[in-house]
Amino acid sequence: MTYRSPARNRYVFRLFVLMASYLALLLLAVTLIRGSAVTGAGAWALAIAPALPVIGVFWAVMRLLIEEPDEFIKLLHVRQCLVATGFCLSALTILEFLQSFQLITHGTHGFGAVIWWFIGLGVGAAYNRFTLGSSAD
Amino acid sequence: MKNRLKVLRAERDWSQQDLADALAVSRQSINAIETGKYDPSLPLAFRIASTFNLSIEQIFEPNQ
Numbered sequence: 113m114t115y116r117s118p119a120r121n122r123y124v125f126r127l128f129v130l131m132a133s134y135l136a137l138l139l140l141a142v143t144l145i146r147g148s149a150v151t152g153a154g155a156w157a158l159a160i161a162p163a164l165p166v167i168g169v170f171w172a173v174m175r176l177l178i179e180e181p182d183e184f185i186k187l188l189h190v191r192q193c194l195v196a197t198g199f200c201l202s203a204l205t206i207l208e209f210l211q212s213f214q215l216i217t218h219g220t221h222g223f224g225a226v227i228w229w230f231i232g233l234g235v236g237a238a239y240n241r242f243t244l245g246s247s248a249d
Numbered sequence: 098m099k100n101r102l103k104v105l106r107a108e109r110d111w112s113q114q115d116l117a118d119a120l121a122v123s124r125q126s127i128n129a130i131e132t133g134k135y136d137p138s139l140p141l142a143f144r145i146a147s148t149f150n151l152s153i154e155q156i157f158e159p160n161q
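Chains as they are written, first to last, in this note's numbering: chain V, 113 to 249; chain A, 98 to 161.
Structural data, given as structure tokens:
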């Protein structure tokens with residue numbers, strides 16, 4: 113039987129709401145800004161809007177770390193987040209140097225910090241499974 | 098830290114899930130403790146000891 117605490121259920125619900133908000137705001141921003149329907153301060157606000165639910169995902173993950181009652185599962189989550197953070201910072205550092213030496217073009221090409229962090233969560237889950245024989249996911 | 102959790106559980110014919118339910122923790126936690134991959138916190142160690150009606154020292158011993 114897979115363990116799923118009320119904290120985990122709340123996390124999944126929050127994630128669903130935040131991701132739905134992200135998609136809606138992204139669609140709105142792309143439509144209005146690329147269509148030049150909104151400019152100036154409004155465009156700034158619209159451009160920042162899709163970032164807010166993504167920041168909310170970080171909040172949801174941190175709430176999960178606080179609310180999870182099972183200490184071993186909490187440990188798995190913490191280790192996963194630490195690996196994700198290290199992976200994200202390492203990947204972006206390498207990209208930065210590659211860009212500095214003009215071996216690759218500047219810009220993230222849609223592969224920003226968030227994507228690297230989420231990939232890092234997958235790496236963290238694999239690390240947990242390899243070293244502790246268990247993953248929180 | 099070494100422990101006798103698996104033996105104590107077998108003596109009572111409890112599955113890992115039975116013990117996990119009794120302690121209100123995940124089955125993964127029980128498995129990780131039994132296999133020595135995770136040392137429980139002091140509060141959880143007390144709860145485990147209480148569940149088996151034993152002292153912590155009768156269940157856990159430090160690696161020498």
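Backbone N, C-alpha and C fix where the C-beta goes; we use that ideal spot for every residue, glycine too. All values reported here derive from a predicted model rather than from experimental measurement.
- Message: Is it buried or exposed, Ile227/V, if we count other Cβ atoms within 10 angstroms and call 16 or more buried?
- Response: That one is exposed.
- Message: According to DSSP, is Phe213/V part of a helix, a strand, or is it coil?
- Response: Reduced to three states, the DSSP call for Phe213/V is coil.
- Taking Asn160/A as the query, report the chain V residues whose CB atoms sit under 7 Å from its CB, ordered along the chain. Neighbours of Asn160/A on chain V: none; closest Cβ ~18 Å, over 7 Å.
- Lys99/A - partner residues in DSSP beta bridges: According to the DSSP secondary-structure assignment, Lys99/A is paired through a beta bridge with Glu158/A.
- Could you tell me the boundaries of the alpha helix (DSSP H) in which Ala172/V lies? Counting along the chain, the unbroken alpha helix (DSSP H) around Ala172/V starts and ends at Ala163 to Glu179.
- Item | Pairwise C-alpha distance: Phe125/V and Lys103/A | In this structure, the alpha-carbon of Lys103/A lies about 36 Å from that of Phe125/V.
- Task: For Val173/V, collect the residues of the same chain with a Cβ closer than 7 Å to its Cβ; drop the 5 residues on either side in sequence, then sort them by chain order.
- Result: Within its own chain, the residues whose Cβ lies closer than 7 Å to the Cβ of Val173/V, once the five positions on either side in sequence are excluded, are Cys193, listed in chain order.
- Using 10 angstroms around the beta-carbon of Arg146/V, count the other beta-carbons present and answer buried if the total reaches 16, otherwise exposed. In this structure Arg146/V is exposed. Its beta-carbon is surrounded by fewer than 16 other beta-carbon atoms within 10 angstroms.
- Exposed or buried, which one is Asp182/V when buried takes at least 16 other CB atoms within 10 Å? So Asp182/V counts as buried.
- Pull up the distance between the alpha-carbon of Leu138/V and that of Ile185/V, whole angstroms please. Their backbone Cα atoms lie some 33 Å apart in a straight line.
- Task: Quick one: which residues of the segment 100-125 of chain A get their C-beta closer than 9 Å to a C-beta of chain V? List them in chain order.
- Result: For the segment 100-125 of chain A, which is checked against every Cβ of chain V, the residues closer than 9 Å are Gln114, Ala117, Ala121, Val122, Ser123, Arg124 and Gln125.
- Message: Quick check on the burial criterion: 16 or more other C-beta atoms within 10 angstroms. Buried or exposed for Val129/V?
- Response: So Val129/V counts as exposed.
- Could you work out which residue in Gly154/V, Ala141/V, Ile216/V and Gly234/V is closest to Gly198/V when comparing CA atoms only? When only C-alpha atoms are compared, the closest one is Gly234/V.
- Task: Quick one: grab the DSSP three-state call for Gly133/A.
- Result: Coil.
- Task: Can you give me, in chain order, the residues of the segment 157-188 of chain V that have a beta carbon less than 9 Å from any beta carbon in chain A?
- Result: Residues of the segment 157-188 of chain V with a C-beta less than 9 Å from any C-beta of chain A: Pro181, Asp182, Glu183, Phe184, Ile185, Leu187 and Leu188, listed in chain order.
- Message: Please return the same chain residues whose Cβ sits closer than 8 Å to the Cβ of Glu180/V, not counting the five positions on each side in sequence.
- Response: Ser117, Ala119, Arg120, Lys186 and His189, listed in sequence order.
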